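Asker: Here the sequence shown is numbered in this note's numbering, starting from 839 and rising by one per residue.
Dumping the structure here so I can ask a few things about it.
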Amino acid sequence: MRLVLIHIDRLLMVEKSPREMVAGTEMEQVDSLKAAWLVIEDGLITGFGEGEPTLQKDDEVLDCGGGMVMPAFCDSHTHLVYAGSREKEYEDKIRGMSYEEIARRGGGILNSAALLSATSEQELFEQSLPRAIEIIASGTGAVEIKSGYGLNTRDEVKMLRVIRRLGEETALTVKSTFLGAHAFPGAYKSNPDRYVKLVVEEMIPAVASEQLADYIDVFCDRGFFTVEQTRTILEAGAGYGLVPKIHANELDFSGGVQVGVACGARSVDHLEFVGEEEIRVLKKSRTMPTLLPGASLFLGMSYAPARKLIDAGLPVALASDYNPGSSPSGNMELVMSLGIMQLRMLPHEVLNAVTLNGAYAMGVEKTHGSVAVGKTASLIITKPMPSFGFMPYAYGTSQIGKIILNGKIMPAL
Ligand code: NIG
Ligand code: FE
839 MRLVLIHIDR LLMVEKSPRE MVAGTEMEQV DSLKAAWLVI EDGLITGFGE GEPTLQKDDE
899 VLDCGGGMVM PAFCDSHTHL VYAGSREKEY EDKIRGMSYE EIARRGGGIL NSAALLSATS
959 EQELFEQSLP RAIEIIASGT GAVEIKSGYG LNTRDEVKML RVIRRLGEET ALTVKSTFLG
1019 AHAFPGAYKS NPDRYVKLVV EEMIPAVASE QLADYIDVFC DRGFFTVEQT RTILEAGAGY
1079 GLVPKIHANE LDFSGGVQVG VACGARSVDH LEFVGEEEIR VLKKSRTMPT LLPGASLFLG
1139 MSYAPARKLI DAGLPVALAS DYNPGSSPSG NMELVMSLGI MQLRMLPHEV LNAVTLNGAY
1199 AMGVEKTHGS VAVGKTASLI ITKPMPSFGF MPYAYGTSQI GKIILNGKIM PAL
């Protein structure tokens, strides 16, 4: 049976011939239809246009009531599978400790790893499922989820199995990333290369043998993994078909962008520290610069120079970084608002960054990220709005009316 959406004030992000991403001045362009309709069949978009649709006898009709329709968000960087929470550490931060100081004394990622180690796979799934349901209700249709709170083979595999199960048991389209190289466990502090060896020789083969990951990530930054260690791990992952998507330049000019691009990364993420050299390297690549303004907001750190990247002709994706330490929120409407308020991006640039470019950053651009015939019908129906820019502008107040994922209307929370 067809589902026909009618009375759409504006149908946003329509494409006749789908592109894989948009860069530079193209990011300001959003094609849209006025007074539109859209047809969904078998979970796919099969038609759309302006004016009145020709309805068939069995059609289910959904009146959008003058709201806008846009692609569901593609959140290309999250760590939403984790155990417990870390709000106590945030108190230490308020009292003056930095993220790096908290990490050095065994807090931060290592704190989450200890909690996760003591949590069964079933319990980890039960703790993570509400977060998956919550992001669906806030408009996310496709999400990338990382491991990285296991830091040993058993617990990394446990996380990745939970990630796979979230993809199987929710309406989310899930891409999975192995991030064994997220931090050095305490026992390896004096010999970090031994941990790199464990990642390369034990974890990667174990992950690959169960086909648990699409991507491989390394936290390449000051105090975490060096450029050489990152290269070693990414090259080992490549041997098993794992494509890099890495954390780079959050804390310093780490060389992470360069090594990521050299290893063919799909995306390099964070990028609070970006200079001419990083831009030059990115310009020659097909790597998506991905910015995570929620982490800058939560940690009170500098924001990535989005304008500099876009004005240099580069694409930019925005993602939530949903995790217990640096960004405990998967709210992509808030990410869009930070895009306009802190990154000085224009509303249409932000829309491209959370849909099509986010889709590219996680390798789902052929099926998600825009409104095109043949793409998955994962869509947001907004409340009536004066213009699209109202959505990021009205920060803190959701403009989402209904969510459709894979052609099905999602229940409200
Ligand atoms: O993307 N930067 C590294 N990893 C996460 C934070 C992880 C944590 O603190 O738990 C991030 O910010
Ligand atoms: Fe992250």
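The C-beta atom is built at its ideal place from N, Cα and C for all residues, glycine as well.
All values derive from a computational prediction rather than experimental measurement.
Alpha helix (DSSP H) containing residue 1098: first to last residue?
Answerer: Start and end: 1094-1100.
Asker: Only counting the same chain, and skipping five residues up and downstream in sequence, which positions put a Cβ closer than 6 Å to that of residue 1222?
Answerer: Closer than 6 Å at Cβ, skipping near neighbours: 904, 905.
Asker: Going by beta carbon distance, what residues of the same chain come within less than 8 Å of residue 1220, once the five residues before and after it are set aside?
Answerer: Once the five neighbours on either side are set aside, the close Cβ partners of residue 1220 are 905, 906, 907, 908, 1229, 1237, 1238, 1239.
Asker: Quick test of your reading: residue 1054 and residue 1036, contact by CB under 8 Å. State the CB separation rounded to the nearest angstrom.
Answerer: At roughly 15 Å, the Cβ-Cβ gap does not stay under 8 Å, so residue 1054 and residue 1036 are not in contact.
Asker: Any residue with its C-beta under 6 Å from a non-hydrogen atom of the ligand FE counts. Can you list them all in chain order?
Answerer: The filter returns 915, 917, 1085, 1159, 1161, in chain order.
Asker: Determine, using beta carbons only, whether residue 1210 and residue 1244 come nearer to each other than 8 Å.
Answerer: No, the Cβ-Cβ distance between residue 1210 and residue 1244 is not below 8 Å.
Asker: Can you give me the Cβ contacts of residue 1062 inside the same chain, cut-off strictly under 7 Å, excluding the 5 residues immediately before and after it?
Answerer: So the qualifying residues of the chain are 1021.
Asker: I want to check one thing, is the minimum distance from the CB of residue 1164 to the heavy atoms of the ligand NIG below 7 Å?
Answerer: Yes, the ligand NIG has a heavy atom inside 7 Å of this Cβ.
Asker: Closer than 6 Å by C-beta to residue 1165: which residues in its own chain qualify, once you throw out the five before and the five after it? Chain order, please.
Answerer: 1132, 1133, 1136, 1159, listed in sequence order.
Asker: Please identify the residue among 1105, 1010, 942, 1099 whose C-alpha is closest to the C-alpha of residue 1028.
Answerer: Nearest of 1105, 1010, 942, 1099 to residue 1028, Cα basis: 942.
Asker: May I ask whether a heavy atom of the ligand NIG can be found less than 7 Å away from the beta carbon of residue 1186?
Answerer: False, no ligand heavy atom lies under 7 Å from that Cβ.
Asker: Work out the CA separation of residue 1224 and residue 1182 for me, nearest whole Å.
Answerer: Each residue's alpha carbon lies about 21 Å from the other.
Asker: Counting beta carbon pairs with one atom in the stretch 1148-1158 and one in the stretch 911-920, are three or more of them shorter than 8 Å?
Answerer: Segments in contact, yes.
Asker: The ligand NIG and residue 1133: does any heavy atom of the ligand fall closer than 7 Å to the residue's C-beta?
Answerer: Yes, the ligand NIG has a heavy atom inside 7 Å of this Cβ.
Asker: Whose C-beta lies closer than 8 Å to the C-beta of residue 1023 among residues of the same chain, with five residues either side of it excluded?
Answerer: The answer, listed in chain order, is 948, 951, 989, 990, 1033.
Asker: Would you tell me roughly how many angstroms separate the C-alpha atoms of residue 953 and residue 1144, rounded to the nearest one?
Answerer: Answer to the nearest angstrom: the Cα atoms are 35 Å apart.
Asker: By DSSP's criteria, residue 1161 is part of a beta bridge. Which residues make up the other side?
Answerer: Partner(s): 1165.
Asker: Taking buried to mean at least 16 other C-beta atoms within 10 Å of its own C-beta, is residue 839 buried or exposed?
Answerer: By the 10 Å Cβ count, residue 839 comes out exposed.
Asker: For the beta strand (DSSP E) that contains residue 1138, what are its first and last residues?
Answerer: Premise fails: residue 1138 is in no beta strand (DSSP E) and is neither H nor E.
Asker: Excluding the 5 residues preceding and the 5 following residue 1003 in the sequence, name in chain order all residues of the same chain whose CB lies nearer than 8 Å to its CB.
Answerer: Within the same chain, residue 1003 has close Cβ partners 963.
Asker: Within 10 angstroms of the Cβ of residue 1105, are there 16 or more other Cβ atoms? Answer buried if so, exposed if not.
Answerer: Buried.
Asker: From the DSSP secondary-structure annotation, give me the bridge partner or partners of residue 856.
Answerer: None; residue 856 has no bridge partner.
Asker: Say whether the stretch 882-901 touches the stretch 1113-1125, bearing in mind that this needs 3 or more beta-carbon pairs closer than 8 Å, one atom from each stretch.
Answerer: Flag = no, the stretch 882-901 and the stretch 1113-1125 do not touch.
Asker: Under the criterion of a Cβ to heavy atom distance below 7 Å, does residue 946 qualify as lining the ligand NIG?
Answerer: Correct: residue 946 has its Cβ closer than 7 Å to the ligand NIG.
Asker: Specify the secondary structure class of residue 873 as computed by DSSP and reduced to three states.
Answerer: Three-state result, residue 873: strand.
Asker: In the structure shown, what three-state DSSP assignment does residue 803 receive?
Answerer: No answer is possible for residue 803: it lies beyond the span of the chain, which begins at 839 and ends at 1251.
Asker: For residue 1208 versus residue 1194, is the C-beta spacing smaller than 8 Å?
Answerer: The answer is yes: Cβ separation under 8 Å.
Asker: Apply the 10 Å Cβ neighbour rule to residue 1025 and answer buried if 16 or more other Cβ atoms are within range, or exposed otherwise.
Answerer: The residue is exposed, with fewer than 16 neighbouring Cβ atoms inside 10 Å.
Asker: Just to confirm, does residue 845 get its C-beta within under 7 Å of one of the non-hydrogen atoms of the ligand NIG?
Answerer: Every heavy atom of the ligand NIG is 7 Å or more from the Cβ of residue 845, so no.
Asker: Does any heavy atom of the ligand NIG sit closer than 7 Å to the C-beta of residue 1057?
Answerer: Checking the Cβ of residue 1057 against the ligand NIG gives yes.
Asker: Is residue 1167 close to the ligand NIG? I mean its beta-carbon at under 7 Å from any heavy atom of the ligand.
Answerer: Checking the Cβ of residue 1167 against the ligand NIG gives no.
Asker: For the ligand NIG, is there a heavy atom less than 7 Å away from the beta-carbon of residue 1088?
Answerer: Within the cutoff, so yes.
Asker: Apart from the five residues on each side of it in sequence, which residues of its chain come closer than 7 Å, Cβ to Cβ, to residue 841?
Answerer: If we look at residue 841 and ignore the five residues flanking it on each side, its Cβ neighbours are 878, 898, 900, 1245.
Asker: For a test of your reading of the model: does the CB of residue 950 fall under 7 Å from any non-hydrogen atom of the ligand NIG? Yes or no.
Answerer: Yes, the beta carbon of residue 950 sits closer than 7 Å to at least one heavy atom of the ligand NIG.
Asker: Can you give the beta carbon distance from residue 1231 to residue 1180, rounded, assuming they're within the 8 Å contact cut?
Answerer: Not a contact, Cβ separation roughly 14 Å.
Asker: Using only alpha-carbon positions, find the residue among 1009, 965, 1044, 960 that is nearest to residue 995.
Answerer: Here the closest residue by C-alpha is 1044.
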